[in-house]
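K.L.:
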Amino acid sequence: MLEIKNLKASINSRDIIKGLDITIKPGELHAIMGPNGSGKSTLANVLSGKNGYHISGVIQYKGKNLIEIPVDERAQKGIFLAFQYPTEIPGVNTNNFLKTSLNKVRKSKGEKELDTLTFLKIVKEKSAELGIDEKILSRQLNVGFSGGEKKKNEILQMKILDPSFMILDETDSGLDIDALKTIANGVNSSRDKKKSFLVITHYQRLLNYIKPDFVHVLSDGKIVKSGGMELAVELEKTGYKKIK
Amino acid sequence: MKNQNINTLEDYKYGFTTDIESIRAPKGLSENSIKFISKMKKEPQWMLDWRLKAFNRLKNLKEPNWQKPKYPKINYQDLYYYSAPKSASEKPKSLDEVDPKLIETYKKLGIPLNEQKRLSGVAVDAVFDSVSVATTYKEELTKKGIIFCSISEAIRNHPDLVKKYLGSVIPLTDHYFATLNSAVFTDGSFVYIPPKVRCPMELSTYFRINASETGQFERTLIIADKGSYVSYLEGCTAPMRDENQLHAANVELVALDDAEIKYSTVQNWYPGDKDGVGGIYNFVTKRGACRGKNSKISWTQVETGSAITWKYPSCILQGDNSVGEFYSIAITNNHQKADTGTKMIHLGKNTKSKIISKGISAGQADNTYRGLVDIGKNASNSRNFTQCDSLLMGNKCGAHTVPYIKNKNSSSTVEHEATTSKINDEQLFYCNQRGMNQEEAVSLIVNGFCKEVLQQLPMEFAVEAQKLVGISLEGSVG
Chain Z
7 MLEIKNLKAS INSRDIIKGL DITIKPGELH AIMGPNGSGK STLANVLSGK NGYHISGVIQ
67 YKGKNLIEIP VDERAQKGIF LAFQYPTEIP GVNTNNFLKT SLNKVRKSKG EKELDTLTFL
127 KIVKEKSAEL GIDEKILSRQ LNVGFSGGEK KKNEILQMKI LDPSFMILDE TDSGLDIDAL
187 KTIANGVNSS RDKKKSFLVI THYQRLLNYI KPDFVHVLSD GKIVKSGGME LAVELEKTGY
247 KKIK
Chain E
-17 MKNQNINTLE DYKYGFTTDI ESIRAPKGLS ENSIKFISKM KKEPQWMLDW RLKAFNRLKN
43 LKEPNWQKPK YPKINYQDLY YYSAPKSASE KPKSLDEVDP KLIETYKKLG IPLNEQKRLS
103 GVAVDAVFDS VSVATTYKEE LTKKGIIFCS ISEAIRNHPD LVKKYLGSVI PLTDHYFATL
163 NSAVFTDGSF VYIPPKVRCP MELSTYFRIN ASETGQFERT LIIADKGSYV SYLEGCTAPM
223 RDENQLHAAN VELVALDDAE IKYSTVQNWY PGDKDGVGGI YNFVTKRGAC RGKNSKISWT
283 QVETGSAITW KYPSCILQGD NSVGEFYSIA ITNNHQKADT GTKMIHLGKN TKSKIISKGI
343 SAGQADNTYR GLVDIGKNAS NSRNFTQCDS LLMGNKCGAH TVPYIKNKNS SSTVEHEATT
403 SKINDEQLFY CNQRGMNQEE AVSLIVNGFC KEVLQQLPME FAVEAQKLVG ISLEGSVG
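From first to last, the protein sequence lines stand for chains Z and E.
Going by my numbering, the first sequence opens with residue 7, and the numbers climb by one from there.
Going by my numbering, the second sequence opens with residue -17, and the numbers climb by one from there.
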């Protein structure tokens, strides 16, 4: 699915990712943990193609080098980023936004664009499945949303767009236990043999619900340790300092 | 005729010209050219006298120069004040007689004149250069007593109404461009809605400047008699030429007791090329009088075209409890300039006005909101709410908000809110990450920014306007 080799990324001549290797196979869920400022969000941005970074190394996605491919095409190819801080877009209805988005993705796959009725049916289904109130979708995109609503909206979008590689950037931060379960439910119900996840988190909490196949510790732009769930448990006890 | 290398035709899809023989007035502004216009239009003597009075007045007037966008001096002797497709000199009696080339042009513009093919419920009066070509749906409207025809026809067939109301909102002596229009106006629409009639369809005019070196001076007069309602739309395009063309229209609206007029404009005149060569000077005077009690006039404008847009669709709130509204989107890209806004003159008691202005500036464009809210000393318990939002794209463009507020009545209130923002990279990234390209993302964000205004447009035009918003800003984000 995704193969990253010797990835380096800098912004304004400041090095942030300093030689990172990771291989994610179809069906796997990898968790990335690490202290603040270790480069976790930069990794999420770089994988989804955000402008402004100077990048070297290789990012192979489904056998193709991603580095030259713009953000929107990556999204159409099935890369999804659940944002840490979803931005507000005033005046834009969330349903309309999502319908435009879904139809862009469908079109790029050669599928027929959906009319509004069919789209709303899908929305109803998926939001019921996740136990998310679909009313948030009739509001302006993220405007006046609570922290929890923003994150739920990200997961609902993820469910509806049905991508193949999903990056969750601290989606669990600041959530109460019910919201956390909703997010975990969204991830677990999306897991299958063909889909992969990269879950960025500070805490073991979310990982208790979604059971990662691998846990990596990112520190100062490099992966310093990899393991299974036991690594997350250890981190929770000892903190990051010991790992360094 | 100047020609230009039209290599940017794809940017402005209305930039084609139609090869139609035209009849023109003698070049230049003179008593003779005014007489020529009046004669071509078979006008009665009183109309010619009115024009000449305006012309005499004009000699003592100077062009205003307080606006922000400056423009090179216009040589008024170098313009043609009348240009008509030759085949229209005998006005066609039915659509079958309309020059097929004209029909073709309108098809290109997406205005099917042919009644069968038309969007349902919109009656169209089409003005090509200076002559109104055909008015659809006339019969159906006539049954209700509604008059919807070209102003030239109205002058001949409904002289009493025209005499009573023409110049009653924009006087002959108003200002240079308005007075120029009064002297040389060529065509435009006339609407009269009888008492208690609700006009059953959207009325619409489509303006097009085709001939070169031609000014377009249309005149529109809409009267909503007591208790009536009408919604009126105008759309405008022009071919691409490397000269600047002047468009100086006058629009007068009169709403009597309990009447309502909704006037919507989608203005997409040729804006000039990327380097600011050519384009229309859109210097227009639009004014509505809420003459009766409980009357209402609502202006909605989507201004995306023209090299310079300079206009202030205004409301004179004379009747007690009357309401004036102004909803505006002004988009300027490349070297376009806009100085636009409104005037709300509160004279009656309990009058209300609302101003929502959205200015979007990209490229090296400059966008000014200028507006006056004037609450007279007798306008007790009156209220105004103004909201001016500016959106900047890039760092070479400008946005300015210039509100003038005069409140002479202590029981009245005026509120003014203004914001200036930039499209931020996070918003663009978010849209991109959901599969939209840069242009789709900009269009989506800007349409969101303009939503309150777009909502005011009649449905089928709202869709067009949304597309136009996107197209106007293409290439504005690198």
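From the three backbone atoms N, C-alpha and C, an ideal C-beta is built for every residue, glycine too.
If you reduce the DSSP assignment to three classes, tell me which class E/VAL115 lands in.
P.N.:
Translated into the one-based positions of the second sequence, residue 115 of chain E becomes position 133. With a pLDDT of only 49 at E/VAL115, under the threshold of 50, the placement of this residue in the model should not be trusted; the figure read from the coordinates follows. Reduced to three states, the DSSP call for E/VAL115 is strand.
K.L.:
Rank Z/ASN102, Z/SER196, Z/PRO92, Z/ILE30 by C-alpha distance to the C-alpha of E/SER425 and give the top, closest one.
P.N.:
By 1-based counting over the second sequence, the position of residue 425 of chain E is 443. E/SER425 has its Cα closest to that of Z/ASN102, out of Z/ASN102, Z/SER196, Z/PRO92, Z/ILE30.
K.L.:
How would you call Z/HIS60, buried or exposed, if buried means at least 16 neighbouring beta carbons within 10 angstroms?
P.N.:
Your numbering for residue 60 of chain Z matches position 54 in the first sequence. With fewer than 16 Cβ atoms within 10 Å of its Cβ, Z/HIS60 is classed as exposed.
K.L.:
Leaving out the 5 sequence neighbours to the left and right, which residues in its chain are closer than 7 Å to E/ALA423 when beta-carbon positions are compared?
P.N.:
Position 441 of the second sequence, counting from 1, holds the residue named residue 423 of chain E. For E/ALA423, where only same-chain residues beyond five positions count, the Cβ hits under 7 Å are LEU410, CYS413, ASN414.
K.L.:
Using beta carbons (cut-off 9 Å, strictly below), is Z/ILE17 in contact with chain E?
P.N.:
Within the first sequence, the letter at position 11 stands for residue 17 of chain Z. So, not an interface residue.
K.L.:
What first and last residue would you give for the alpha helix (DSSP H) that runs through E/ARG33?
P.N.:
Here the question's residue 33 of chain E lines up with position 51 in the second sequence. Unbroken alpha helix (DSSP H) run through E/ARG33: 27 to 40.
K.L.:
I need the DSSP call for E/THR(-10), collapsed to helix, strand or coil.
P.N.:
Taking the second sequence and counting its residues from 1, one reaches residue -10 of chain E at position 8. Residue confidence is low: E/THR(-10) scores 44 on pLDDT, short of 50, so the model does not pin down where it sits. Its coordinate-derived value is still stated next. Reduced to three states, the DSSP call for E/THR(-10) is coil.
K.L.:
Quick one: what does DSSP say Z/LEU49 is sitting in, helix, strand or coil?
P.N.:
Sequence index remark: in the first sequence, residue 49 of chain Z carries index 43 (1-based). Three-state result, Z/LEU49: helix.
K.L.:
In chain order, which continuous runs of the beta strand (DSSP E) of length 3 or greater are located wholly inside the segment 170 to 226 of chain Z?
P.N.:
171 to 175, 202 to 207, 220 to 225
K.L.:
Please report how far the alpha carbon of Z/ASN148 lies from the alpha carbon of Z/GLU160, in whole angstroms.
P.N.:
Stepping through the first sequence from its first residue, residue 148 of chain Z is reached at position 142. Stepping through the first sequence from its first residue, residue 160 of chain Z is reached at position 154. Distance between the alpha carbons of Z/ASN148 and Z/GLU160 is about 10 Å.
K.L.:
Where Z/GLY153 and E/PHE199 are concerned, what is the direct C-alpha to C-alpha distance, given to the nearest angstrom?
P.N.:
Within the first sequence, residue 153 of chain Z is the residue found at index 147, counting from 1. Within the second sequence, residue 199 of chain E is the residue found at index 217, counting from 1. Approximately 56 Å between the Cα atoms of the pair.
K.L.:
Between E/PHE431 and E/LEU374, how many whole angstroms is the CB-CB distance? I'm expecting something under 8 Å.
P.N.:
Position 449 of the second sequence holds residue 431 of chain E. Position 392 of the second sequence holds residue 374 of chain E. Not confirmed; about 11 Å, so no contact.
K.L.:
Could you name the residues that DSSP lists as bridge partners for E/GLY258?
P.N.:
Taking the first residue of the second sequence as 1, we reach residue 258 of chain E at position 276. DSSP lists no beta-bridge partner residue for E/GLY258.
K.L.:
Using CA coordinates, which residue listed in E/MET418, E/ALA7, E/PHE37, E/GLU234 is at the minimum distance from E/LEU203?
P.N.:
For the purposes of this step, residue 203 of chain E is identified with residue 221 of the second sequence, where counting begins at 1. If we check each option's Cα against that of E/LEU203, E/GLU234 comes out closest.
K.L.:
Quick one: residues in its chain with C-beta nearer than 6 Å to the C-beta of E/HIS382, no 5 flanking neighbours on either side, listed in chain order?
P.N.:
The count along the second sequence starts at 1 and reaches residue 382 of chain E at position 400. Within the same chain, E/HIS382 has close Cβ partners THR350.
K.L.:
Provide the residue span of the alpha helix (DSSP H) that contains E/MET418, from first to last.
P.N.:
Walking along the second sequence from the start, residue 418 of chain E turns up at place 436. Premise fails: E/MET418 is in no alpha helix (DSSP H) and is neither H nor E.
K.L.:
Could you tell me the alpha carbon to alpha carbon distance between E/SER403 and E/GLU25, rounded to whole angstroms?
P.N.:
Numbered from its first residue, the second sequence carries residue 403 of chain E at position 421. Numbered from its first residue, the second sequence carries residue 25 of chain E at position 43. Each residue's Cα considered, the two are about 52 Å apart.
K.L.:
With 9 Å set as the bound, which would you pick, yes or no: does the beta-carbon of Z/LEU237 sit closer than that to a beta-carbon of chain E?
P.N.:
Within the first sequence, residue 237 of chain Z is the residue found at index 231, counting from 1. For Z/LEU237, the answer is no, since every Cβ of chain E falls outside 9 Å of its Cβ.
K.L.:
In chain Z, which residues lie less than 7 Å from E/MET418 when you measure between Cβ atoms?
P.N.:
Taking the second sequence and counting its residues from 1, the one referred to as residue 418 of chain E is at position 436. Result: ASP78, THR106, SER107, LYS110.
K.L.:
Is it a yes or a no for the segment 239 to 259 of chain E touching the segment 268 to 280 of chain E, going by three-plus beta-carbon pairs under 8 Å?
P.N.:
yes
K.L.:
Check whether the segment 107 to 124 of chain Z touches the segment 180 to 190 of chain Z, counting contact only when three or more Cβ pairs, one atom from each stretch, lie closer than 8 Å.
P.N.:
no
K.L.:
Output the boundary residues of the alpha helix (DSSP H) element that contains Z/ASN159.
P.N.:
Position 153 of the first sequence, counted from the first residue, corresponds to residue 159 of chain Z. It spans 153 to 167 - the alpha helix (DSSP H) in which Z/ASN159 sits, taken as one unbroken run.
K.L.:
Just list the residues that DSSP pairs E/ASN264 with in beta bridges.
P.N.:
Position 282 of the second sequence holds residue 264 of chain E. Beta-bridge pairing links E/ASN264 to E/HIS229, E/THR291.
K.L.:
Using CA coordinates, which residue listed in E/ILE342, E/VAL384, E/ALA136, E/THR395 is at the minimum distance from E/LEU455?
P.N.:
Within the second sequence, numbered from 1, the residue matching residue 455 of chain E stands at position 473. Residue E/ILE342 is the option with its Cα nearest to E/LEU455.
K.L.:
Measuring CA to CA, which of E/THR322, E/GLN346, E/ASN14 is closest to E/GLY376?
P.N.:
Mapped onto the second sequence, residue 376 of chain E falls at position 394. Comparing Cα-Cα distances from E/GLY376 to each of E/THR322, E/GLN346, E/ASN14, the minimum goes to E/GLN346.
K.L.:
Classify E/TYR386: buried if its beta carbon has 16 or more other beta carbons within 10 angstroms, exposed otherwise.
P.N.:
Counting from one through the second sequence, the residue named residue 386 of chain E turns up at place 404. Flag for E/TYR386 reads exposed.
K.L.:
If you measure from the beta carbon of E/GLU434 to each beta carbon in chain Z, is any gap under 9 Å?
P.N.:
Mapped onto the second sequence, residue 434 of chain E falls at position 452. Output row for E/GLU434: interface = yes.
K.L.:
Less than 9 Å between CB atoms is the rule here; does E/GLU461 satisfy it with respect to chain Z?
P.N.:
Outside the modelled stretch of chain E, which goes from -17 to 460, sits residue 461 of chain E, for which no answer is possible.
K.L.:
Grouping DSSP H, G and I as helix and E and B as strand, with all else coil, what is E/GLU408?
P.N.:
Against the second sequence, residue 408 of chain E aligns to sequence position 426. It is helical.
K.L.:
In this structure, what does DSSP give as the bridge partners for E/ASP371?
P.N.:
For the purposes of this step, residue 371 of chain E is taken as residue 389 along the second sequence, with counting starting at 1. Beta-bridge pairing links E/ASP371 to E/LYS340, E/THR401.
K.L.:
Just to confirm the assignment: which complete beta strand (DSSP E) runs, minimum length 3, are found wholly within the segment 52 to 102 of chain Z?
P.N.:
60 to 67, 85 to 88
K.L.:
Please classify Z/VAL64 as buried or exposed, where buried requires at least 16 neighbouring CB atoms within 10 angstroms.
P.N.:
Stepping through the first sequence from its first residue, residue 64 of chain Z is reached at position 58. Flag for Z/VAL64 reads exposed.
K.L.:
The alpha helix (DSSP H) spanning E/ASN363 covers which residue range?
P.N.:
Mapped onto the second sequence, residue 363 of chain E falls at position 381. It is not in any alpha helix (DSSP H) - E/ASN363 carries neither H nor E in the DSSP assignment.
K.L.:
Residues of chain Z with CB closer than 8 Å to the CB of E/ILE427, please, in chain order.
P.N.:
The residue given as residue 427 of chain E occupies position 445 in the second sequence. The contacting residues are ILE95, VAL98.
K.L.:
Report yes if the C-beta distance between E/LYS390 and E/ALA361 is below 9 Å; otherwise report no.
P.N.:
Indexing the second sequence from 1 puts residue 390 of chain E at position 408. Indexing the second sequence from 1 puts residue 361 of chain E at position 379. E/ALA361 sits close to E/LYS390, with the two beta carbons spaced by under 9 Å.
K.L.:
For a test of the three-state rule: what should DSSP assign to E/VAL179, helix, strand or coil?
P.N.:
Position 197 of the second sequence, counted from the first residue, corresponds to residue 179 of chain E. If DSSP states are grouped into helix, strand and coil, E/VAL179 belongs with coil.
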